[in-house]
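K.L.:
My numbering applies: residue 10 is where the sequence shown begins, and numbers increase by one.
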Amino acid sequence: MSTIVRKSPLPRYYQLKEIMREKIRSGEWKPGDLIPSERELGEQYGISRMTARQAITELVNEGLFYREQGKGTFVSRRKITQQLIHLTGFTEDMKARGQQPGTRVLSAEMRPADEAVAERLRIKPGLQIFRLHRLRLADGEPLAIEVSHISFIGCEKLLEEDLEHNSLYRLLETKYGLPLVEADQELEAGLIGSEEAQYLKVPVGSPALFTRRVTYTERNQPIEYASSVYCGNKYVFYTHMKREQLLS
Ligand code: GLP
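(1) Three or more beta-carbon pairs under 8 Å between the stretch 63-72 and the stretch 11-26, yes or no?
(2) For ligand 1, I want to know if residue 99 counts as a neighbour, meaning its beta carbon is within less than 8 Å of at least one of the ligand's heavy atoms.
(3) Among 197, 232, 153, which one has its Cα closest to the Cα of residue 163?
(4) Work out the CA separation of residue 156 and residue 169 for me, nearest whole Å.
(5) May I ask which residues mark the beginning and end of the beta strand (DSSP E) holding residue 81?
(6) To which residues does DSSP link residue 195 through a beta bridge?
(7) So does residue 112 have its beta carbon nearer than 8 Å to some heavy atom of ligand 1?
(8) Indicate, with yes or no, if ligand 1 has a heavy atom lying under 8 Å from the CB of residue 177.
(9) Which first and last residues belong to the beta strand (DSSP E) in which residue 51 is found?
(10) Provide the residue span of the alpha helix (DSSP H) that contains residue 63, from first to last.
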């Protein structure tokens with residue numbers, strides 16, 4: 010489909026959506042490209058601006074396009090997939106996608122664990138833990154904000170590490186000899202708040218995915234409790250499921 014078929018039973022906005030989808034699939038429109046304005050699309054396809062707007066808005070909601078205030082509407086990157094079976098860190102996930110991981114450390118400090126964090130880490134409240142607040146980037150573009158709470162004997166040594174250029178998981182495993190064995194993770198949908206919006210460069214109220222992960226080292230000992238906010242329109246979580254033999 011490359012033009013709007015007036016006699017088609019399919020609504021016009023829907024036909025335009027399909028035309029635009031095809032332009033992305035075929036590579037004519039590439040990630041980061043500015044798409045034509047509502048007025049231009051209207052003129053090109055002989056439809057109203059309202060119809061063009063509806064098609065664009067739906068593709069924004071589906072995550073294929075994103076809007077930048079005052080600049081226009083752009084084609085999104087393919088969504089980044091985090092599979093939920095193997096325990097991987099951000100750096101590994103980005104590399105697996107052929108993207109360049111990046112980190113901005115927003116703060117790194119020792120501080121006493123509050124009740125909620127202590128419970129997740131199975132330690133006494135008030136015990137000193139290492140808290141790391143990071144902005145995570147993919148090809149230089151902000152993607153997530155993560156707050157990690159780390160507890161192990163000697164965790165204060167992490168204060169001296171260059172966590173802007175090193176993967177935390179890699180450091181823990183290779184330098185500190187702490188194998189990361191398994192993790193429990195919760196996923197929750199939500200909206201980007203005002204502080205996060207500034208870092209992630211998206212409007213307040215954009216879709217967000219919140220994760221909370223407890224990572225365990227050997228002997229089932231929690232080592233990290235991390236809460237993260239991912240830009241919801243750039244991320245997909247993937248699970249492969251097998252059906253258990255059910256008793257009849
Ligand atoms: C993921 C997890 C975090 C973990 C991070 C490690 O993003 N949600 O809990 O801290 O990976 O990533 P990296 O090894 O790149 O520092």
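Think of the CB as a built atom: it goes at the ideal place given N, C-alpha and C, for glycine as much as any other residue.
P.N.:
Let me spell this out:
(1) Counting Cβ pairs under 8 Å, three or more are found: they touch.
(2) Checking the Cβ of residue 99 against ligand 1 gives yes.
(3) Distances from the alpha-carbon of residue 163 to those of 197, 232, 153 put 232 closest.
(4) Rounded to the nearest whole angstrom, the C-alpha separation of residue 169 and residue 156 is 18 Å.
(5) 81-84
(6) As a beta-bridge residue in DSSP terms, residue 195 pairs with 221.
(7) yes
(8) yes
(9) First-last for residue 51: 47-54, but that is the alpha helix (DSSP H), not the beta strand (DSSP E).
(10) For residue 63, the enclosing alpha helix (DSSP H) starts and ends at 58-70.
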